[in-house]
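>
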Amino acid sequence: MKTEQITVTGNGIGIDKALEATEKLGNEAGLDKKSALHLRLIAEELFGILRGIAGEVEACCWAQAEGRAFEVCMKSEVKMTDELRERLIAVSTSGKNSAALGVMGKIRVMIADMLVSAKETMPYAMMNTAAAYNAATPYVWTMSEYKTAVKNDIENSREAWDELEKSVIANIADDVKVSILGKSVGITVYKTFK
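56 is the number that my numbering gives to position 54 of the sequence shown; each next residue is one higher, with no gaps.
1) If distances are taken between C-alpha atoms only, which option among MET145, ALA71, VAL74 and VAL118 comes closest to GLU85?
2) Less than 8 Å separating the beta-carbons of VAL170 and GLU73?
3) May I ask you to list the residues that DSSP assigns as paired with ILE8?
4) Measuring alpha carbon to alpha carbon, tell me which of GLY69, GLU60 and ILE156 ends up nearest MET76.
5) What's the call for VAL142, buried or exposed, on a 16-neighbour Cβ count within 10 Å?
6) Rounded to the nearest angstrom, how far is the Cβ of VAL105 from that of LEU166, given a contact under 8 Å?
7) What ranges does the beta strand (DSSP E) occupy inside the segment 141-191, keeping only unbroken runs of at least 3 residues that lie completely in it?
8) Alpha carbon to alpha carbon, how far is THR24 from LEU183? Give it in angstroms, no decimals.
9) Do you know whose CA, among ALA65, VAL80 and GLY188, lies nearest GLU30's CA?
10) Determine the direct distance from the alpha carbon of GLY69 to that of ALA133, and round the result to whole angstroms.
11) Since LYS193 and ALA175 should fall inside the 8 Å C-beta cutoff, what is the C-beta to C-beta distance between them, to a whole number of angstroms?
12) Need the endpoints of the alpha helix (DSSP H) that ALA20 sits in, please.
13) Determine the closest residue to ILE17 out of ALA45, ALA114, GLY28 and LYS36, with distance taken between C-alpha atoms.
See the structure below:
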């Protein structure tokens, strides 16, 4: 089962429709009330990333289910304007601003960093084939790998571990995958309900 693909924006357009479609998918899959609420929270957290980038960013969103295994997906081709670039730089600078609070904030900052660096390095990447190859290789981040890294270095990552324990998405979702290739950003949240 799969919802229709719905266009949502950083200004909130389409988000209510996408949330309704996600809830409907959960109901059709037979989720109980608590599980359906968790599925909606996952979608709300995902849309929070889009809102955090702000501006004229548009994304295509959908949810799909196979049995009780769900994926909530968002994909965007970010059109880099000077205004968006300045906003992304503001989000990404130092990683110590309010946008970087919590796990979802850190994901937002990571996306901003990658989009800005891709824009800055693209002309240079085209000059040499090895760099061009790297520019064509997607950057992939997963929450499960991040959790493992934080857990393995808990002495130096106490703050990051506390953020994970307080994060809605880290406590509800099974995993989050962020894939960035040039100006294309894809985020998928995975959850299998028992």
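Glycine included, every Cβ here is placed at the ideal spot set by N, Cα and C.
If you're wondering where the values come from, they're calculated on a predicted model, not measured in any experiment.
According to the structure shown:
1) Here residue 85 refers to the residue found at position 83 of the sequence shown. Nearest of MET145, ALA71, VAL74 and VAL118 to GLU85, Cα basis: VAL118.
2) Here residue 170 is taken as the residue at index 168 of the sequence shown, counted from 1. Here residue 73 is taken as the residue at index 71 of the sequence shown, counted from 1. Going by C-beta atoms, VAL170 is not nearer than 8 Å to GLU73.
3) For this step, residue 8 is matched to residue 6 along the sequence shown. For ILE8, which the question treats as bridged, DSSP gives the partners CYS63.
4) Mapped onto the sequence shown, residue 76 falls at position 74. Answer by Cα proximity: GLU60.
5) Taking the sequence shown and counting its residues from 1, one reaches residue 142 at position 140. VAL142 should be labelled exposed.
6) The sequence position of residue 105 within the sequence shown is 103, counting from 1. The sequence position of residue 166 within the sequence shown is 164, counting from 1. Right, their Cβ atoms sit about 6 Å apart.
7) 141-144 and 177-183
8) Walking along the sequence shown from the start, residue 183 turns up at place 181. Walking along the sequence shown from the start, residue 24 turns up at place 22. Going by the C-alpha atoms only, they are around 26 Å apart.
9) Here residue 30 refers to the residue found at position 28 when the sequence shown is read from its first residue. For the residues ALA65, VAL80 and GLY188, the minimum Cα distance to GLU30 belongs to ALA65.
10) Within the sequence shown, residue 133 is the residue found at index 131, counting from 1. Within the sequence shown, residue 69 is the residue found at index 67, counting from 1. Low confidence applies to ALA133: its pLDDT is 42, below 50, so where it sits in the model is not reliable enough to give any reading.
11) Locating residue 193 in the sequence shown gives position 191, counting from the first residue. Locating residue 175 in the sequence shown gives position 173, counting from the first residue. Rounded, the Cβ-Cβ distance is 5 Å, consistent with contact.
12) Position 18 of the sequence shown, counted from the start, is the residue given in the question as residue 20. ALA20 -> alpha helix (DSSP H) spans 17-30.
13) Translated into the one-based positions of the sequence shown, residue 17 becomes position 15. Cα-wise, what sits closest to ILE17 is ALA45.
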